[in-house]
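Reviewing the structure listed below.
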Amino acid sequence: MMEQDITISFQNVYQTYKDPKDAILKGVNMVIPKSDFCIILGRSGMGKSTLLRCINGLVQPYEGTVTVCGQQLKKEKTVLRNIRRRTSMIFQNYNLVNRLTALQNVLCGMLPEIPFHRAMLGVFTDGERARGLSLLKEVGLEDFSDQRVDQLSGGQKQRVGIARALAQNPEIILADEPIASLDPVTSEEILKLLKAINQKNGITVIISLHQLEFAKTYGERIVALLNGKLEIDKPAIQLTEKDIGRIYGLCDDREGVKLEVVS
Ligand SMILES: Nc1ncnc2c1ncn2[C@@H]1O[C@H](COP(=O)(O)OP(=O)(O)O)[C@@H](O)[C@H]1O
Ligand SMILES: [Mg+2]
Numbered sequence: 001m002m003e004q005d006i007t008i009s010f011q012n013v014y015q016t017y018k019d020p021k022d023a024i025l026k027g028v029n030m031v032i033p034k035s036d037f038c039i040i041l042g043r044s045g046m047g048k049s050t051l052l053r054c055i056n057g058l059v060q061p062y063e064g065t066v067t068v069c070g071q072q073l074k075k076e077k078t079v080l081r082n083i084r085r086r087t088s089m090i091f092q093n094y095n096l097v098n099r100l101t102a103l104q105n106v107l108c109g110m111l112p113e114i115p116f117h118r119a120m121l122g123v124f125t126d127g128e129r130a131r132g133l134s135l136l137k138e139v140g141l142e143d144f145s146d147q148r149v150d151q152l153s154g155g156q157k158q159r160v161g162i163a164r165a166l167a168q169n170p171e172i173i174l175a176d177e178p179i180a181s182l183d184p185v186t187s188e189e190i191l192k193l194l195k196a197i198n199q200k201n202g203i204t205v206i207i208s209l210h211q212l213e214f215a216k217t218y219g220e221r222i223v224a225l226l227n228g229k230l231e232i233d234k235p236a237i238q239l240t241e242k243d244i245g246r247i248y249g250l251c252d253d254r255e256g257v258k259l260e261v262v263s
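In terms of this note's numbering, the sequence shown opens at residue 1 and continues consecutively.
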């Protein structure tokens, strides 16, 4: 793969929140090409969120290197600012500002172009509003722009989260369990929307998920974390029962996984 076709690369990444003996990531190697649609699987606690946080520099490895959009991640403010501008994040709990409208939340994604106090006061230029409205239209919420987000359904809130992520004009969207609080039908709608954005805008999308069936249906590429290592990294259609057994373990008392998804 040519260097310019790579968006993210991990080289021998070790990360810990405490002590190297409690490392969460233990030598992760991973290359994500531009415009990839990648799903990260793994049991709860295996380090999916940690892996995503390494990509936008929210946490730093104590060994190894992470390179994002050609820039090696360092603690320096200018590097972090640069990389965070190019990566947007979507969360399980949406992380919206409840007392603001859908449009105001989307416009918050244009920070730091729009100062936060101006966003909080709802003072926007016509150009900013027009762009925010067109993003809400892109996620199917054009009729809800003036609605306070605490009055929206979970799926609608996540759509606002996606529009806010797009407002930043990112090259990469990191979605940390974006459907974990949603019902199955809404979950599929959100995954379809993320896939459409990936295909239309060529934005690299990386999603951590619990649900194996959704991962197999919507993922193009699946990576799986097990005991600190990237145990699996392959196209979704090549995922085997044996792989699934490895990811989720073979005993019955494992956390968060129902037997029927494995069979
Ligand atoms: N901020 C933190 N401080 C200390 N330990 C953490 C922190 N965040 C996560 N951990 C620990 O790191 C491990 C991996 O967590 P996480 O990356 O959230 O896994 P996942 O997203 O796969 O559930 C867990 O054991 C968790 O308790
Ligand atoms: Mg997590």
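Using N, Cα and C, we set each Cβ at its ideal position, and we do this for glycine too.
Fair warning: this is a prediction, and the values are worked out from it, not measured in the lab.
Expected contact under 8 angstroms - CB spacing of residue i and residue j to nearest Å
i: Thr204; j: Ser35; result: 6 angstroms
i: Arg159; j: Val139; result: 4 angstroms
i: Val106; j: Gly132; result: 4 angstroms
i: Ile179; j: Leu191; result: 7 angstroms
Test item: CB-CB of residue i and residue j under 8 angstroms
i: Ile274; j: Ile90; result: No statement about residue 274 is possible, as the shown extent of the chain runs from 1 to 263 and does not include it.
i: Gly64; j: Tyr14; result: yes
i: Leu225; j: Gly47; result: yes
i: Met30; j: Asp233; result: yes
i: Gly122; j: Gln104; result: yes
i: Lys195; j: Lys26; result: no
i: Gln60; j: Glu177; result: no
i: Gln209; j: Leu41; result: In the sequence as presented, Gln is not what sits at residue 209; that position holds Leu. Against a cut-off of 8 angstroms, the Cβ pair of Leu41 and Leu209 comes out as a contact.
i: Glu220; j: Ala236; result: yes
i: Gln168; j: Gly245; result: no
i: Thr101; j: Ser145; result: yes
i: Asn82; j: Gln71; result: yes
i: Ala175; j: Ile206; result: yes
Pairwise C-alpha distance: residue j and residue i
i: Ser153; j: Thr186; result: 10 angstroms
i: Val68; j: Phe10; result: 9 angstroms
i: Ser134; j: Glu142; result: 8 angstroms
i: Ser49; j: Leu96; result: 19 angstroms
i: Ala130; j: Gln156; result: 20 angstroms
i: Ile32; j: Thr7; result: 6 angstroms
i: Glu128; j: Asn98; result: 20 angstroms
i: Gln211; j: Ile222; result: 12 angstroms
i: Leu51; j: Val28; result: 9 angstroms
i: Asp243; j: Asn227; result: 14 angstroms
i: Asn201; j: Ile247; result: 31 angstroms
i: Leu80; j: Thr87; result: 10 angstroms
i: Cys54; j: Val66; result: 7 angstroms
i: Arg267; j: Leu136; result: Since the first residue of the chain shown is 1 and the last is 263, residue 267 is not available in this structure.
i: Gln147; j: Ser44; result: 34 angstroms
i: Asp19; j: Phe124; result: 46 angstroms
i: Glu189; j: Ile114; result: 30 angstroms
i: Asp5; j: Leu111; result: 28 angstroms
i: Pro85; j: Lys74; result: For the record, residue 85 in the displayed sequence is Arg; it is not Pro. In a straight line, the C-alpha of Arg85 is about 15 angstroms away from that of Lys74.
i: Asp252; j: Gln238; result: Low local confidence applies: a pLDDT of 39 at Asp252 is under 50, so the model's placement there is unreliable, and no value is given.
i: Gly249; j: Phe116; result: 46 angstroms
i: Tyr218; j: Met120; result: 36 angstroms
Run of the beta strand (DSSP E) containing residue i, from where it starts to where it stops
i: Gly109; result: First-last for Gly109: undefined, no H or E at that position.
i: Gly219; result: Looking at the DSSP string, Gly219 is not in any beta strand (DSSP E), and its letter there is neither H nor E.
i: Tyr14; result: Ile6 to Gln15
i: Lys26; result: Leu25 to Pro33
Residues bridged to residue i [DSSP beta-bridge criterion]
i: Ile172; result: Thr87 and Thr204
i: Ala224; result: Leu41 and Ile232
i: Glu63; result: Tyr14
i: Thr101; result: Arg148
i: Val68; result: Ile8 and Gln71
Boundaries of the alpha helix (DSSP H) in which residue i is found, first to last residue
i: Glu138; result: Asp126 to Glu138
i: Arg246; result: Glu241 to Tyr248
i: Ala165; result: Gly154 to Ala167
i: Ser49; result: Lys48 to Ile55
Cβ-heavy atom distance, residue i to ligand 3, below 7 angstroms
i: Ser208; result: Ligand 3 is absent from the structure shown, which contains only ligand 1 and ligand 2.
8 angstroms Cβ cutoff, residue i in contact with chain D
i: Leu239; result: The chain labelled as chain D is not found in the depicted structure, where only one protein chain is given.
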